[in-house]
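A.B. asks: Submitted below is the structure of interest, expressed as structure tokens.
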Amino acid sequence: MIKIIIHGCNGKMGKVIAKLAAESPDFKVVAGVDKNTSPLDFPVYSDLKEVKEEADVVIDFSYHEAVPDMVKAAAQKKLPVVIATTGLSEEELKVIEEASKEIPIFKSANMSLGVNILINLVKEAAKILQQDFDIEIIEKHHNMKKDAPSGTALMIADAINQVLNDKKEYVYGRHTKTEQRKPNELGIHAVRGGTIVGEHQVIFAGHDEVITISHSAQSREIFGYGALKAAKFIINQNPGLYNMEDLVKKG
Ligand SMILES: NC(=O)c1ccc[n+]([C@@H]2O[C@H](COP(=O)([O-])OP(=O)(O)OC[C@H]3O[C@@H](n4cnc5c(N)ncnc54)[C@H](O)[C@@H]3O)[C@@H](O)[C@H]2O)c1
Ligand SMILES: O=C(O)C1=N[C@H](C(=O)O)CCC1
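Per the UniProt record's numbering, the sequence shown starts with residue 1, numbered consecutively.
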């Protein structure tokens, strides 16, 4: 049985992880960490450093500012970490990279299998269509989401740029632009409203034809299952930084 600490346990995703773990014989949540320490079915602490329970892994769905201290505490405790939190700054990413020299860290802005398949399809399409098609990404999420654009939209954009030798320049929205679109632009647009779980559309617009590759998350459980799979994977790895590609490669 894999013993989990949920960082961000009182949030929407923290509660999904607790529910999925309770339904599985393979996982047990031994403690949670959240700035909101409302009681749950396991002890809840305000800081990972204070957690007394023995654990195998930390699963993090919290807030970007909370991540650096969490990974430093995990490194002190020699605990592997799964990071799902998005909106991380360059500085916060550096702290994660530093900690990954001491502990195994799995990080993905989207834990669903579907989005990771979408990324592979988009990479292929971008290679084939790069000359004649403009690429734009539209993402839609619920009205509680704090970061924009989504971590997934940025991950998709980076994957496209990786196969196109970094030639795309990201344009976030177009409200400040009063000039024609340049071919090297990659537009990224965020929509927020209601309870939308997560939608990503990658649009390849050519002359008189449009190809759209899209993913629609229909529940938060898809992210939860992915994070638990990542937890199973990361506890057996050496220190380093891992992502969904590594997990898929290992089967
Ligand atoms: N990678 C993925 O597949 C995936 C999927 C869904 C959400 N997310 C990301 O996960 C994060 C959380 O999403 P959510 O919808 O659960 O958000 P949420 O706001 O419902 O939950 C976040 C929780 O973190 C807690 N928190 C905030 N600051 C903290 C701190 N300093 N220390 C400890 N706890 C703190 C909050 O109190 C809250 O309970 C977001 O960044 C979101 O984008 C990623
Ligand atoms: O609900 C959220 O917040 C989500 N965030 C991730 C992102 O920013 O890409 C993944 C989808 C859900």
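No residue lacks a Cβ here, since even glycine has one placed at the ideal position from N, Cα and C.
1. Please find out if some non-hydrogen atom of ligand 2 comes closer than 7 Å to the beta-carbon of lysine 145.
2. Would you check if the distance between the CB atom of lysine 49 and the CB atom of alanine 66 is smaller than 8 Å?
3. Between which two residues does the alpha helix (DSSP H) containing lysine 19 stretch?
4. Could you tell me the boundaries of the beta strand (DSSP E) in which glutamate 179 lies?
5. Could you spell out the range, first to last residue, of the beta strand (DSSP E) harbouring threonine 212?
6. Is the beta carbon of leucine 247 less than 8 Å from the beta carbon of lysine 107?
7. Just verifying my parser: in three-state terms, what is the DSSP assignment at phenylalanine 61?
8. With a Cβ-Cβ cutoff of 8 Å, do alanine 125 and serine 150 count as a contact?
9. Pick out whichever of Lys94, His64, Pro104, Leu93 has its Cα sitting closest to the Cα of lysine 77.
10. Tell me arginine 192's beta-bridge partners as DSSP assigns them.
11. Within the present structure, is the beta-carbon of asparagine 116 separated from the nearest heavy atom of ligand 2 by less than 7 Å?
12. Going along the chain, which residues of its own chain have a beta-carbon closer than 7 Å to the beta-carbon of valine 29, five neighbours each way excluded?
13. Do three or more CB pairs link the region 124 to 141 to the region 155 to 170 at distances below 8 Å?
14. Just to confirm, are leucine 118 and isoleucine 213 a CB contact at a threshold of 8 Å?
15. To the nearest angstrom, how far is it from the Cα of aspartate 26 to the Cα of lysine 229?
16. Valine 58 and leucine 79 look like a contact to me (Cβ under 8 Å); what is the Cβ gap, rounded to whole Å?
17. In whole angstroms, give me the CA-to-CA distance for serine 216 and glycine 198.
C.D. replies: Quick look at the numbers:
1. Yes - ligand 2 has a heavy atom lying nearer than 7 Å to the Cβ of lysine 145.
2. No.
3. Where lysine 19 is concerned, the enclosing alpha helix (DSSP H) stretches over 12 to 22.
4. Premise fails: glutamate 179 is in no beta strand (DSSP E) and is neither H nor E.
5. Counting along the chain, the unbroken beta strand (DSSP E) around threonine 212 starts and ends at 209 to 216.
6. No, the pair does not count as a contact, with Cβ atoms beyond the cut-off.
7. Coil at phenylalanine 61, not helix or strand.
8. With a cutoff of 8 Å on beta-carbon distance, alanine 125 and serine 150 are scored as not near each other.
9. When only C-alpha atoms are compared, the closest one is Pro104.
10. DSSP output for arginine 192 lists His141 as bridge partner(s).
11. No, Cβ of asparagine 116 sits at least 7 Å from all heavy atoms of ligand 2.
12. Excluding residues within five positions, the ones whose Cβ falls inside 7 Å are Ile4, Ile6, Ala18, Ala21, Phe42.
13. Yes, they touch.
14. For the 8 Å CB-CB criterion, leucine 118 and isoleucine 213 form a contact.
15. Each residue's Cα considered, the two are about 11 Å apart.
16. So it is a contact: roughly 5 Å between Cβ atoms.
17. C-alpha of serine 216 to C-alpha of glycine 198: approximately 6 Å in a straight line.
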